[in-house]
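Enquirer: Using the numbering used here, the first residue of the sequence shown is number 5, and each one after it goes up by one. Note that beta-carbon positions come from the ideal geometry of N, C-alpha and C, so glycine has one too.
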Amino acid sequence: MTQPREPRLEIEYCTQCRWLMRAAWTAQELLTTFATELGEVALVPGVGGVFEVRLGSETLWSRKGEGGFPELPHLKRLVRDRIAPERSLGHSEGHKAE
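Below, the structure is given as structure tokens:
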């Protein structure tokens with residue numbers, strides 16, 4: 005078995021809610037933005053309305069905790085701040101929530 009590549013990002017999604025496409029789209033966007041910084045993105049099937057984004061052992065976003073789904077520019081900033089803090093995200097930078 006191959007060891008996970010680091011950093012490893014997980015997106016756990018609810019199979020009952022049919023959120024695979026949302027999880028896959030989120031993964032695609034993050035892999036496109038962080039093509040050289042992310043080692044791996046895993047889609048993890050779950051149940052009970054779960055939609056969580058984790059980087060290593062840290063939960064970056066929890067649908068239950070945050071009350072909804074992440075806005076992609078915000079999620080990209082959360083990931084960037086941990087794996088490539090010096091990197092600019094271009095147009096996403098201008099939409100920071102205060």
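#1: Which term fits Val51, buried or exposed, when burial requires 16 or more other beta carbons within 10 angstroms of its beta carbon?
#2: Restricting to runs no shorter than 3 residues, where is the beta strand (DSSP E) found entirely within the stretch 21-58?
#3: Please look up how many angstroms separate the CB atoms of Leu42 and Leu13, rounded, as I've assumed it's under 8 Å.
#4: Would you mind sorting Val48 into buried or exposed? The rule is 16 or more other CB atoms within 10 Å of its CB.
#5: What whole-angstrom Cβ distance do Glu16 and Val54 have, given they're in contact under 8 Å?
#6: Return the residue from the list Thr37, Gly72, Gln32 and Lys68 that minimises the CA-CA distance to Ala88.
Expert: In short, the structure shows the following:
#1: By the 10 Å Cβ count, Val51 comes out exposed.
#2: Taking only runs of at least 3 residues, the beta strand (DSSP E) segments lying wholly in the stretch 21-58 are 44-50.
#3: Contact annotation, Leu42 with Leu13: C-beta distance approximately 6 Å; criterion of less than 8 Å satisfied.
#4: When all chains shown are included, Val48 counts as exposed.
#5: Yes, Glu16 and Val54 are in contact; Cβ-Cβ is about 5 Å, under 8 Å.
#6: It is Thr37.
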